[in-house]
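Residue numbers (the working numbering), protein chains in the order written: chain P, 1 to 445; chain Y, 1001 to 1318.
This report concerns only the one structure given below.
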C-alpha cells in the first residue's frame, strides 16, 4: 500500500495550501467517528471540505485501505538530551516518534543537566524546532531531582513545561510531595509519579517471583511500587492535587488507582506496551533487553493492567522509551542498565497484542494513545476534529513486519520486541500538515 | 558400575543442572566413578585432554573450587591457564564480551568460569563460537559441578538417589549450591525439603519441586541427607536474621537434633564451614559427616565433566 501525492505537503500544496487524504477509514474516538471518508487540511490544520472549485486544487494523498488516525501523543519518553546524546537526541527521538505514528512526545527531565529551570525547558523547545514531532518537556518536581527543594513551577510552566516529574525516582519525603501537589495546582500541571521505594527495590534486577528465584537474581517486589503508589494517591487525595501514575506495572497498583478514581481523586495513569505484553518468564536467558524498570511482572499483573486499560482505570499507553547504548546492554545482567526503547513499536505492539485479539477496541486504543494523553498534558491534538492541528497518521492494518532494531530511527536499538512479528505499519505521519515520516521502499504486498 | 545408554553428553556446555537430563547426570556420575580409580593410582594422570588447553577464569575469589578444577585438569593432562580477577568487569575496565573475544582469539578449548553475576557463564557461552564453557558458580544461580559432586557423594554413601529425602538447611535465597542440588536431585528422583528462616527462602521456590519448612525438626525428621549450607554472617546487616546466636539456636545442627534424621543419615556441607554456627563440630567431625568425601569427589566429577565436554565419551565411553 503506497500513498500517492507529494513527499511533502509543505512543497507543492504548501503548509498554507490545501490537501486531502482520500478514502481512508477515519477513526477518531474524540468525535465518536469511525467511517470511510476524506480528511481535509489547510494551513497545518484540519478543515471542513471546501467548495468544489477550490477542492480541485488540493494535493491528494490516497489512503485507500488505510486507517487515518489522530497522531499519537506519548506521555513518557526519555530523549536523553542534554547529557546523553550517545543514546538519543531530541532530533533522533522526534524522528523515531514520527516513525511510530507519534506526533507529540512528552520528554522526561532526567537529563544532565536536569530539566529543572526555565532556560533548560527553553533549550529543549529550541532543539525541537523543525523536529519530526512536537516535543513537550516535562520538568523536574525538585531541583536536580534530588527530592529536596521545589523547582520554580511558575517559570517552568511559562517556559512550556507540560507536567512535573522526578523521572525515575520517587520523592522520598512525603512532605515535599505534599507541597508539590499543592503548589502545582496554581498552574494545573500534573505531577507524574514514578512509584518505587528504593529500600524495597535495592539491588533488584527483575520482578521478584519464581523466575527470579530460578535465575538466582535479586528481585524487585511488587510492593516496592504499590506502597509508594498508595502513599502518593493518598497525598493527592488529601491535597486535591493532580497526580499521574506513570508506567504502572502491577495489578495492585491498578486496583489502588481504580479505588482512588472512585473516591474522586484527580488521578490519571499510564502503562507501557511492554508491561501490557511481556512477563518475567521471558527473562529465562538473562536477555538484558528485557531488563526494565519497573520490571516485567507476572502474568497476573499483565492481566490486571489489561483489565485496567479496558475499563479506563489506566487512561493511556505510554512508551517509556528509554534508549541505552550497545555497551550498556551487552554485559552481565546485573551490570546492564534497565530500559527499553518503544517509540517505534508502541502502536504496532498494542495493535497486534491487544486490538487484534479483541482485548481492546481500535477506538479505545487510539483514545489511550492519542486523545487521553493529549488531555492529560493539556496540549492540542488527540482528535481529527475540524479546526484542530493536522497531526495524524496513516496506518496499514494489514502490513506485517518483523521488528529489526537495526532499522530504527532511534539512536539506540534496545527493543524488547526485536525479532517479533507485528501487524500494522505506520505508512505516513503528518505533523502540523507536513509529512514528517513516510515509510521508505515499501515492499509489494 | 551401572550401564548407561548414553555415551556422550547432549549439551555443549555445562551452565547449570536445570536442563541436564537424568541420563546425562548418570553418565557424568558413572564417568566420575571410573576417574576415582585413576585418582587412587600411584601415577594419577591420564592423557585424555593432552593437547587441549583450559582457562580457569575466576572473577570471584575461590580457593577450593579453583584448586579442584586445576587438579582435575592436570590429571587429565590439559594445559591450564589461570586468570583471577575480583570485582565486576566494569570496574576492571574490560567488558566480559571483550574478555570472551580475547579467549576466542587465543584458541582456547575450554573455559571454566566463576563469576559473581548470575547468568555470566551463559552470556560467555553465547559470545564464544567454539570454546566449551563450564560454570564454576555464578552468583546465586547455579554451581553445577558442586551439585554433581554432592549427588555422587550421596550415591556413594547411600547406594542410590531415587527416593532419598534430602534436607537443605540455611540460606537458600543466596545459594547457587542449593539450586544446583535441587535441580539434580529432583531429576534423579530424590525428594528435597528446604529449611531456613523465611527471609532466606526465595519466593515461590516450591515451583522448583521442593517442600518448604521453617522448623528444623520438620526438615530433619526422616531425612537421609542433612545438608547444611554456609551462612554468610554479613546477611545480618541486611536484616535477613537478627543475630548469629539466634540463627544457631534455630538452625544450627548439633548431635541431639541430628537424632531426628534416619539412623544412617549423612551430613554434608559445601565448605568452608562456620563451625559452631550452622554445624556443631561434633557433627562436622563425626562418622556421619561425608564432607571430606565431597572434596575428593569434586576432583573426580570435574575430571568427568572436563572429559565428557571436551570430546570424551563418543570414542571411548567410560
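Even for Gly, the Cβ is constructed at its ideal location relative to N, Cα and C.
Please read these numbers as outputs of a predicted model, since none were measured by experiment.
Worksheet entry | Min CB distance residue 1095(Y) to chain P below 8 angstroms | As a first step, residue 1095(Y) must be located in the second chain, where it is residue number 95. Yes, residue 1095(Y) counts as interfacial toward chain P.
Please return the same chain residues whose Cβ sits closer than 7 angstroms to the Cβ of residue 1022(Y), not counting the five positions on each side in sequence. On the second chain, residue 1022(Y) is found 22 positions in, with the first residue counted as 1. These residues qualify, in order along the chain: 1187, 1188.
I believe residue 1096(Y) touches residue 331(P) by the beta-carbon criterion, under 8 angstroms. Please report the beta-carbon distance rounded to the nearest angstrom. As a working note, residue 1096(Y) is residue 96 in the second chain. As a working note, residue 331(P) is residue 331 in the first chain. Right, the Cβ-Cβ distance comes to about 6 angstroms (below 8 angstroms), so this counts as a contact.
- Partners in chain Y for residue 330(P), counting only beta-carbon separations shorter than 8 angstroms: On the first chain, position 330 is the one that residue 330(P) refers to. Those are 1095, 1097, listed as they occur along chain Y.
- Task: Could you check which residue in 220(P), 194(P), 395(P), 101(P) has the C-alpha nearest to that of residue 203(P)?
- Result: Start at 1 with the first residue of the first chain, and residue 203(P) comes out as number 203. Ranking 220(P), 194(P), 395(P), 101(P) by Cα distance to residue 203(P) puts 220(P) first.
Counting only Cβ-Cβ distances shorter than 9 angstroms, please list the residues of the stretch 339-368 of chain P near chain Y, keeping chain order.
none
- Item | Residues bridged to residue 430(P) (per DSSP) | Numbered from its first residue, the first chain carries residue 430(P) at position 430. Residue 430(P) pairs with 392(P), 435(P).
Residue 1307(Y) versus residue 1048(Y): straight-line alpha-carbon distance, rounded:
Taking the second chain and counting its residues from 1, one reaches residue 1307(Y) at position 307. Taking the second chain and counting its residues from 1, one reaches residue 1048(Y) at position 48. Residue 1307(Y) and residue 1048(Y): Cα-Cα distance of roughly 7 angstroms.
Legend entry - Chain-ordered chain P contacts of residue 1141(Y) [CB-CB under 7 angstroms]: Indexing the second chain from 1 puts residue 1141(Y) at position 141. Under the 7 angstroms cutoff, chain P gives 215, 216.
| Counting only beta-carbon atoms, is residue 1203(Y) nearer than 8 angstroms to chain P? | As a first step, residue 1203(Y) must be located in the second chain, where it is residue number 203. Yes, contact with chain P.
(Q) Counting only beta-carbon separations shorter than 8 angstroms, does residue 1176(Y) have a partner in chain P? (A) Sequence index remark: in the second chain, residue 1176(Y) carries index 176 (1-based). With 8 angstroms as the cut-off, residue 1176(Y) counts as an interface residue toward chain P.
>> Here's the rule: buried if 16 or more other CB atoms are within 10 angstroms of the residue's CB, otherwise exposed. What is residue 196(P)?
In response: The sequence position of residue 196(P) within the first chain is 196, counting from 1. Residue 196(P) comes out buried.
**Q.** Under 8 angstroms between C-beta atoms of residue 417(P) and residue 345(P)
**A.** Taking the first chain and counting its residues from 1, one reaches residue 417(P) at position 417. Taking the first chain and counting its residues from 1, one reaches residue 345(P) at position 345. Yes; because the gap between Cβ atoms is below 8 angstroms, this pair is in contact.
**Item:** Proximal residues to residue 1334(Y) (C-beta, below 6 angstroms), its chain only, five neighbours per side dropped
**Value:** The structure shown does not extend to residue 1334(Y), since chain Y spans only 1001 to 1318, so no value can be given for it.
Next item on the list: State the CB to CB distance for the pair residue 280(P) and residue 211(P), rounded to an integer number of angstroms; the pair is presumed to be in contact (CB under 8 angstroms).
Entry: Position 280 of the first chain, counted from the start, is the residue given in the question as residue 280(P). Position 211 of the first chain, counted from the start, is the residue given in the question as residue 211(P). Yes, residue 280(P) and residue 211(P) are in contact; Cβ-Cβ is about 5 angstroms, under 8 angstroms.
Roughly how many angstroms lie between the CA atoms of residue 371(P) and residue 1102(Y), to the nearest whole one?
In the first chain, the residue the question calls residue 371(P) occupies position 371. In the second chain, the residue the question calls residue 1102(Y) occupies position 102. If I take the Cα positions, the gap works out to 53 angstroms.
Check your understanding: Is there contact between the stretch 1245-1256 of chain Y and the stretch 1277-1286 of chain Y, where contact requires at least three CB pairs shorter than 8 angstroms?
Key -> yes
Taking 8 angstroms as the threshold (beta carbon to beta carbon), is residue 219(P) in contact with chain Y?
Locating residue 219(P) in the first chain gives position 219, counting from the first residue. Residue 219(P) counts as touching chain Y.
Closer than 8 angstroms, CB to CB, is residue 1246(Y) near chain P or not? Here residue 1246(Y) refers to the residue found at position 246 when the second chain is read from its first residue. So no, residue 1246(Y) is outside the interface.
Exercise. What span of residues does the beta strand (DSSP E) with residue 1187(Y) cover, start to end?
Worked result: If you number the second chain from 1, residue 1187(Y) lands on position 187. Careful: residue 1187(Y) lies outside any beta strand (DSSP E), inside the alpha helix (DSSP H) at 1176-1187.
**Request:** Determine the closest residue to residue 70(P) out of 378(P), 409(P), 399(P), 368(P), with distance taken between C-alpha atoms.
**Result:** Sequence index remark: in the first chain, residue 70(P) carries index 70 (1-based). That would be 368(P), whose Cα lies nearest to the Cα of residue 70(P).
Checklist entry - Closest Cβ-Cβ distance between residue 1017(Y) and chain P: below 8 angstroms? => result Here residue 1017(Y) refers to the residue found at position 17 of the second chain. Output row for residue 1017(Y): interface = no.
**Asked** Among residues of its own chain, excluding the 5 on either side of residue 319(P), which ones have a beta-carbon nearer than 6 angstroms to its beta-carbon?
**Response** The residue you call residue 319(P) lines up with position 319 of the first chain. Once the five neighbours on either side are set aside, the close Cβ partners of residue 319(P) are 74, 77, 342, 343, 346.
*asked:* With a threshold of 8 angstroms between beta carbons, is residue 1123(Y) in contact with chain P?
replied: Position 123 of the second chain, counted from the start, is the residue given in the question as residue 1123(Y). Chain P, which has a Cβ nearer than 8 angstroms to the Cβ of residue 1123(Y), makes this yes.
Within 8 angstroms of chain Y by C-beta, residues of the stretch 191-210 of chain P in sequence order
208, 209, 210
Distance between residue 1064(Y) and residue 1046(Y) (C-alpha atoms, nearest Å): As a working note, residue 1046(Y) is residue 46 in the second chain. As a working note, residue 1064(Y) is residue 64 in the second chain. Each residue's Cα considered, the two are about 22 angstroms apart.
DSSP on residue 376(P), reduced to helix/strand/coil? Taking the first residue of the first chain as position 1, residue 376(P) is located at position 376. Helix, per DSSP.
- Task: Provide the residue(s) that pair with residue 340(P) in DSSP beta bridges, ordered along the chain.
- Result: Here residue 340(P) refers to the residue found at position 340 of the first chain. 321(P).
Tell me, please, whether the CB atom of residue 1090(Y) is closer than 8 angstroms to any CB atom in chain P?
Here residue 1090(Y) corresponds to residue number 90 of the second chain, with the count starting at 1. Since pLDDT at residue 1090(Y) reaches only 49, below the 50 mark, its modelled position is unreliable, and the value read off the structure follows with that caveat. Residue 1090(Y) counts as touching chain P.
- request: Establish whether the CB of residue 1106(Y) and some CB of chain P are separated by less than 8 angstroms.
  value: Counted from its first residue, the second chain places residue 1106(Y) at position 106. It does not: the Cβ of residue 1106(Y) has no partner Cβ on chain P nearer than 8 angstroms.
_For residue 1315(Y), count the other beta carbons within 10 Å of its own beta carbon; 16 or more makes it buried, fewer makes it exposed. Which is it?_
Reading the second chain from its first residue, position 315 is the one you call residue 1315(Y). Any reading at residue 1315(Y) needs caution, since the residue's pLDDT is 43, under 50, leaving its predicted position unreliable; the model's value is listed next. Classification for residue 1315(Y): exposed.
How many Å lie between residue 166(P) and residue 157(P) at the Cα? As a working note, residue 166(P) is residue 166 in the first chain. As a working note, residue 157(P) is residue 157 in the first chain. Cα-Cα distance, rounded: 16 angstroms.
Range covered by the beta strand (DSSP E) that runs through residue 488(P) = Examination of residue 488(P) is not possible in this model, given that chain P is present from 1 through 445 alone.
Practice problem: Could you name the residues of the same chain whose beta carbon sits closer than 7 angstroms to that of residue 1294(Y), not counting the 5 residues immediately before and after it, in chain order? | Solution: The residue labelled residue 1294(Y) in the question sits at position 294 within the second chain. Closer than 7 angstroms at Cβ, skipping near neighbours: 1149, 1150, 1153, 1268.
Does any residue of chain Y bring its CB to less than 8 angstroms from the CB of residue 335(P)?
The residue given as residue 335(P) occupies position 335 in the first chain. Residue 335(P) counts as touching chain Y.
message: For residue 1093(Y), count the other beta carbons within 10 Å of its own beta carbon; 16 or more makes it buried, fewer makes it exposed. Which is it?
response: As a working note, residue 1093(Y) is residue 93 in the second chain. Exposed: under 16 other Cβ atoms inside 10 Å.
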